[in-house]
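Step one of this worksheet: look at the structure below.
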């Protein structure tokens, strides 16, 4: 029996999942959505037990979706990372924020051009949806000299600016995007995600897409439509694509403020793993009000269900 | 218009979009300013453009035929330095600048060591090795940066996130500016927005519309806000600054504000409403000429 502790606001403390909880969790949902970093892998190494866990869930008929806010690669680009780590995955099961941006434009029947701040992943996903684009990596070395006579033309057919993580962000791109948003009537301002920091290397945190988006928000005084976690769109699109209701889905992640909150706001069952950025202390601290339905040390703990079934047989 | 000349002794002018656009002076403005001075009015300049120092703006004024004194010119680069000076910024610390040379010159003028700025234009972040930062940076100071880069945003963010007590200072947060005559360019708002997107906190803004510089102006020039008027082309900086500091405000339509925006602001309950509006400050010269004749 697991004891529950009621806290001041009346909600119960998060429960560390025991074997019964794990079986209940697996039986109650038809689909698992996994955040990648800190759940499936850490940097370039797969977290132990994950491949077997995924295989087990598939064998039990579960739909698996892998979500990442990283927009630099396309879904097909990410497939390489998965297979390289020994994970059996299809490109259609990968939901990158680069794909989310293209899917969003498709969902509103977008017919104009897109100016892209970001890397090749976004361009590839736009190509797959047949959406015309300009900018991206080809604008990486462009320089603006604010001297007399300097002028910048912009394409009046740009109907959306998509801003994703860009290691080559520069003033030219910021200005071009600003002109499109300011001067082209109805031009959309779309952000793949708003993460303040990203873990490109193990050694330190790096400025995330929050900074690219922030630059454009600062020069246009407009807020973007966000398509990645924790925005509704991604969840909507996943549910629609796979014909699922929210109650049939469990979100598994390592971050309270994006993954778990994302899941809760979306009406999903939520499970936190401690193999990423959140530790047990932070989770159980009175300052934390985001409570997942379940938590466990890492994803492979679900394998206990298989073990228990073997023992019972 | 004649009333304006009678009621206000101190006239503070924005530069871009009010006096000039890029390097071209707006028609009639030089004459109008000369007439104001002849009428015994105090004429000051206040710009949010952070690219140059006061000294450089003085040079520009003289180049276009506008006589001025460096003490009459207030710019946002100066405001950041004056702010840090006013809070007793620890001179054993340094400032990291994301912006142009003007900010570094103004900081040096108050004895604050700075680095970064245009000297970091060619630097690129390398993700194959750890990026280090100076733990002695006690303030990050931002302005418009036509050479903004990932490296600069990352460096500034590291200082703000990892150096205890490091201050986040914005010379201004203007979305755009008339840095060339025929186009508006992304302003300091972009630089500040980029860094804010990482560190998730707001900067201390020292230029318009922050009232900070008013104390400096009032003390140096012995002016009272009640007898002063701010003339500018932007509602959210010039006019708001005038309102925030208790001055009268005169909006001119030679810069970024168009009729549509003005009407929208007037119609909104919390819109920024100038006391007076003119198409161009140059239009004042006929009335000023009249007033001068009357004086004689």
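Residue numbers (my numbering), protein chains in the order written: chain A, 50 to 362; chain B, 123 to 418. Using N, Cα and C, we set each Cβ at its ideal position, and we do this for glycine too.
Whole-angstrom distance between residue j and residue i, CA atom to CA atom
{"i": "residue 208 (chain A)", "j": "residue 182 (chain A)", "result": "10 Å"}
{"i": "residue 150 (chain A)", "j": "residue 315 (chain A)", "result": "19 Å"}
{"i": "residue 132 (chain B)", "j": "residue 216 (chain B)", "result": "36 Å"}
{"i": "residue 137 (chain A)", "j": "residue 219 (chain B)", "result": "48 Å"}
{"i": "residue 357 (chain B)", "j": "residue 288 (chain A)", "result": "46 Å"}
{"i": "residue 275 (chain B)", "j": "residue 399 (chain B)", "result": "39 Å"}
{"i": "residue 92 (chain A)", "j": "residue 199 (chain A)", "result": "43 Å"}
{"i": "residue 346 (chain B)", "j": "residue 165 (chain B)", "result": "14 Å"}
{"i": "residue 148 (chain B)", "j": "residue 140 (chain B)", "result": "7 Å"}
{"i": "residue 409 (chain B)", "j": "residue 124 (chain B)", "result": "6 Å"}
{"i": "residue 363 (chain B)", "j": "residue 170 (chain A)", "result": "44 Å"}
{"i": "residue 146 (chain A)", "j": "residue 134 (chain A)", "result": "21 Å"}
{"i": "residue 289 (chain B)", "j": "residue 291 (chain A)", "result": "48 Å"}
{"i": "residue 74 (chain A)", "j": "residue 349 (chain A)", "result": "14 Å"}
{"i": "residue 397 (chain B)", "j": "residue 327 (chain B)", "result": "24 Å"}
{"i": "residue 200 (chain B)", "j": "residue 334 (chain A)", "result": "45 Å"}
{"i": "residue 369 (chain B)", "j": "residue 249 (chain B)", "result": "51 Å"}
{"i": "residue 379 (chain B)", "j": "residue 167 (chain A)", "result": "32 Å"}
{"i": "residue 391 (chain B)", "j": "residue 313 (chain A)", "result": "37 Å"}
{"i": "residue 175 (chain A)", "j": "residue 148 (chain A)", "result": "8 Å"}
{"i": "residue 163 (chain B)", "j": "residue 130 (chain B)", "result": "8 Å"}
{"i": "residue 203 (chain B)", "j": "residue 202 (chain A)", "result": "36 Å"}
{"i": "residue 297 (chain A)", "j": "residue 178 (chain A)", "result": "28 Å"}
{"i": "residue 294 (chain A)", "j": "residue 285 (chain A)", "result": "10 Å"}
{"i": "residue 238 (chain B)", "j": "residue 216 (chain A)", "result": "19 Å"}
{"i": "residue 295 (chain B)", "j": "residue 220 (chain A)", "result": "16 Å"}
Three-state secondary structure assigned by DSSP to residue i
{"i": "residue 280 (chain B)", "result": "helix"}
{"i": "residue 164 (chain B)", "result": "strand"}
{"i": "residue 265 (chain A)", "result": "helix"}
{"i": "residue 356 (chain B)", "result": "coil"}
{"i": "residue 138 (chain B)", "result": "strand"}
{"i": "residue 184 (chain A)", "result": "strand"}
{"i": "residue 313 (chain B)", "result": "helix"}
{"i": "residue 356 (chain A)", "result": "helix"}
{"i": "residue 367 (chain B)", "result": "coil"}
{"i": "residue 132 (chain A)", "result": "helix"}
{"i": "residue 228 (chain B)", "result": "helix"}
{"i": "residue 146 (chain A)", "result": "helix"}
{"i": "residue 107 (chain A)", "result": "helix"}
Spatial neighbours of residue i in its chain, beta-carbon cut-off 8 Å, leaving aside the 5 residues before and after
{"i": "residue 303 (chain A)", "result": "84, 86, 87, 88, 321, 322, 323, 324, 325, 326 and 327"}
{"i": "residue 68 (chain A)", "result": "353, 354 and 357"}
{"i": "residue 236 (chain A)", "result": "207, 208, 209, 210, 229 and 230"}
{"i": "residue 218 (chain A)", "result": "166, 260, 261 and 264"}
Residues near residue i in its chain [Cβ-Cβ closer than 6 Å; skip 5 each side]
{"i": "residue 258 (chain B)", "result": "215 and 216"}
{"i": "residue 247 (chain A)", "result": "255 and 257"}
{"i": "residue 375 (chain B)", "result": "401"}
{"i": "residue 173 (chain A)", "result": "123"}
{"i": "residue 415 (chain B)", "result": "none"}
Whole-number beta carbon distance between residue j and residue i, since they are thought to touch under 8 Å
{"i": "residue 268 (chain B)", "j": "residue 262 (chain A)", "result": "The Cβ separation is near 20 Å, so there is no contact."}
{"i": "residue 260 (chain A)", "j": "residue 308 (chain B)", "result": "At roughly 14 Å, the Cβ-Cβ gap does not stay under 8 Å, so residue 260 (chain A) and residue 308 (chain B) are not in contact."}
{"i": "residue 172 (chain B)", "j": "residue 227 (chain B)", "result": "About 11 Å separates the two Cβ atoms, so there is no contact after all."}
{"i": "residue 377 (chain B)", "j": "residue 355 (chain B)", "result": "3 Å"}
{"i": "residue 81 (chain A)", "j": "residue 111 (chain A)", "result": "6 Å"}
{"i": "residue 299 (chain A)", "j": "residue 317 (chain A)", "result": "6 Å"}
{"i": "residue 325 (chain B)", "j": "residue 292 (chain B)", "result": "4 Å"}
Bridge partners - residue i, DSSP secondary structure assignment
{"i": "residue 261 (chain B)", "result": "B:217 and B:289"}
{"i": "residue 236 (chain A)", "result": "DSSP output for residue 236 (chain A) lists no bridge partner at all."}
{"i": "residue 84 (chain A)", "result": "A:116"}
{"i": "residue 275 (chain A)", "result": "A:240"}
{"i": "residue 197 (chain B)", "result": "B:169"}
{"i": "residue 322 (chain A)", "result": "A:345"}
{"i": "residue 251 (chain B)", "result": "None, per the DSSP bridge assignment."}
{"i": "residue 238 (chain B)", "result": "B:219"}
{"i": "residue 162 (chain A)", "result": "A:207"}
{"i": "residue 398 (chain B)", "result": "B:372"}
{"i": "residue 152 (chain A)", "result": "Its beta-bridge partners do not exist; DSSP assigns none."}
{"i": "residue 305 (chain B)", "result": "B:302"}
{"i": "residue 351 (chain B)", "result": "B:133 and B:370"}
Chain-order list of residues whose beta-carbon lies under 7 Å from that of residue i (same chain, five-residue window excluded)
{"i": "residue 162 (chain A)", "result": "181, 182, 183, 204, 206, 207 and 208"}
{"i": "residue 211 (chain B)", "result": "234, 260 and 261"}
{"i": "residue 342 (chain B)", "result": "193"}
{"i": "residue 275 (chain A)", "result": "240, 242 and 243"}
{"i": "residue 349 (chain B)", "result": "130, 131 and 132"}
{"i": "residue 297 (chain B)", "result": "309 and 311"}
Residue-level contact to chain C via CB, residue i, 8 Å cutoff
{"i": "residue 269 (chain B)", "result": "Protein chains in the displayed structure are A and B, and chain C is not among them."}
Closer than 7 Å: residue i CB and nearest the ligand MN heavy atom
{"i": "residue 68 (chain A)", "result": "Annotation note on the ligand MN: not contained in the displayed structure, which lists no ligands."}
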